[in-house]
Amino acid sequence: MQSLEPAARPVRTPRRRTVPGRIRTRAAVCLLAVAALFGGTFWAIGNVRDGLTVIGEDAGPQVVATADMYFALSDMDAQVANILLIGRETGLGDGKDKAVRRYEQRQAEVGKALLLASDLAIGDATEKRTVEALLNGFGRYQQLAERAMLLNQQAAHPAGPPPAQVVSVYRAATDLMRLDLLPKAYNLTLESGTIVRQTYETQYLAINIGRIVVGVVGLGTLVALVMIQVFLARRFRRVVNPALLVATVGVGVLTVAAVLLLGNGAEGLRKAKEEGFNSVLAMSRARAIGNTMHGDQSRYLLDPERADTYEQVYLDNSQKVLYTAGGSLDKYYVGVDKAVGQYPDSIAFLGFHGDEAKSIVNRPDEKTALVRVLKGYQRFQQSDRQMRLLVNSQKGAEAIAERMGDLSRRFQAYDNALVDLIKLHGGTFDEEIKKGDASLGGWNWLLPGVALAAALLILLGVRPRLSEYR
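Numbers in my numbering are just positions in the sequence shown, counted from 1, shifted up by 112.
Here it is, written out as structure tokens:
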């Protein structure tokens, strides 16, 4: 007698049973890859935005403001020297009244710059102490300068060195300016400049790392999307999955666009910093030193006992602006004539203008502007030589007329050319910051929108295949 056994049920093969799981796993990998792409791109774009904000809106303008304060301080002291040197004369140069108005203008500019620096120094103990010291010192300087101008007015002396009492008070004022206020203003510029430099280096590196991360993650996401489509095509014999195909195209476009954006962002940040900000700061510094030199010319005539000191200070400052070999003014004049005559065929000089010449080799507009600056500087030095020759020939009145006349006009022409060059660099800086900001516009919604759309398309692409197993 045969036993009757129930027929065995057909057993699903492991391969068939795991297909839905494999689909879900591959879809999950794609979703995680899209999320990683979104996070990496968001982080990298944030670095571009932070760099532009710090350099273009926060620390960058603060550095420029402190550099302008340095110029205003030096010009204040130069105008005091001019006022004292002119005495009661009314026909010398632009006249005493204009010098007084310019002194008051610079005084107001310094006050505004100090208030701005005070606001920006909140939270930084070192900068705050520097600003407070500047405020206190500036108050003392104004008292001394105004005391010297009052005594000078009471003396009503002819053009030339004023009475000893006036000179004594002015010495105290100019020493305070040169030995205390100007170094502190420069330190404030350096402190703010350090923030800009560190931010630039950090953000520039982060942006380039972010570009690599976005490229790698984007490529990985594309590979994951292609693999799931190949798997589905082989398993279900359907060549195209429209939803996954659109998701793949979207991720590819997003990756390429993000990599290009980050590359342009890094280059824009570099141009803003190196071709704009650095040059604006360097040329502003050169302008302030040049203004101090112009003041030293007045002080040279104003205080004969310190004439040798002011002449040496003038030479030292000249070498900072445009350096050529030579330990005396006579050798320096010759060196300037030679160096300027050889430019732009060769760069035979150093200093601020030498650094500028090297940095703009491939930028014709800036190079043309620098030629005007150098020619103006050369003529300014030629007039300085003429003034000192007159002094050495015991022609004091003619030397003063030269200082307040041709020399002053040539300095103004040089200064105007320098301002034009600074404006060119400032334009480069502003343009790169604006371009960077504009390039980021729309990414706040574009990035999450594309990422969310890709995720939804992935889910829509696998849903019909999963439904076949229900």
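Positions of the beta carbon are idealized from the N, C-alpha and C atoms, including for glycine.
- Put simply, the region 491-510 does not touch the region 175-187. Fewer than three CB pairs are less than 8 Å apart.
- Linking Leu568 to Leu344 through their CA atoms gives a straight-line distance of about 17 Å.
- By the C-beta criterion, the region 522-531 is judged to be in contact with the region 484-493, since at least 3 inter-stretch pairs fall below 8 Å.
- It is roughly 12 Å from the alpha-carbon of Leu302 to the alpha-carbon of Gly172.
- For Gly554, there is no enclosing alpha helix (DSSP H), since its DSSP letter is neither H nor E.
- With distances taken between CA atoms, Ala257 lies nearest to Thr286 out of Arg213, Leu536, Leu293, Thr286.
- Excluding five sequence positions before and after Gly163, the CB atoms of its chain that fall closer than 6 Å to its own CB belong to Gln315, Leu381, given in chain order.
- For the pair Leu291 and Ala419, the Cα-to-Cα distance works out to about 17 Å.
- By the C-beta criterion, the region 363-383 is judged to be in contact with the region 152-170, since at least 3 inter-stretch pairs fall below 8 Å.
- Following the DSSP letters along the chain, one finds Tyr316 inside the alpha helix (DSSP H) bounded by residues 294-348.
- Cβ neighbours of Val222 within its own chain (closer than 8 Å, five residues either side excluded): Met181, Ala184, Leu185, Met188, Phe250.
- Distance from the CA atom of Ser458 to the CA atom of Tyr445, rounded to whole angstroms, is 18 Å.
- Contact between the region 193-213 and the region 392-410 is present: three or more C-beta pairs spanning the two stretches fall below 8 Å.
- Taking every protein chain shown into account, the CB of Thr242 has 16 or more other CB atoms within 10 angstroms, so this residue is buried.
- In this structure, Phe461 keeps its C-beta atom at 8 Å or more from the C-beta atom of Tyr426.
- Tyr435 carries a strand assignment under DSSP once its states are collapsed to helix, strand and coil.
- With fewer than 16 other Cβ atoms inside 10 Å of its own Cβ, Arg134 counts as exposed.
- A straight-line Cα-Cα distance of about 30 Å links Gly272 and Arg397.
- When the alpha-carbon of Phe492 is set against those of Thr480, Val448, Ser551, the nearest one is in Val448.
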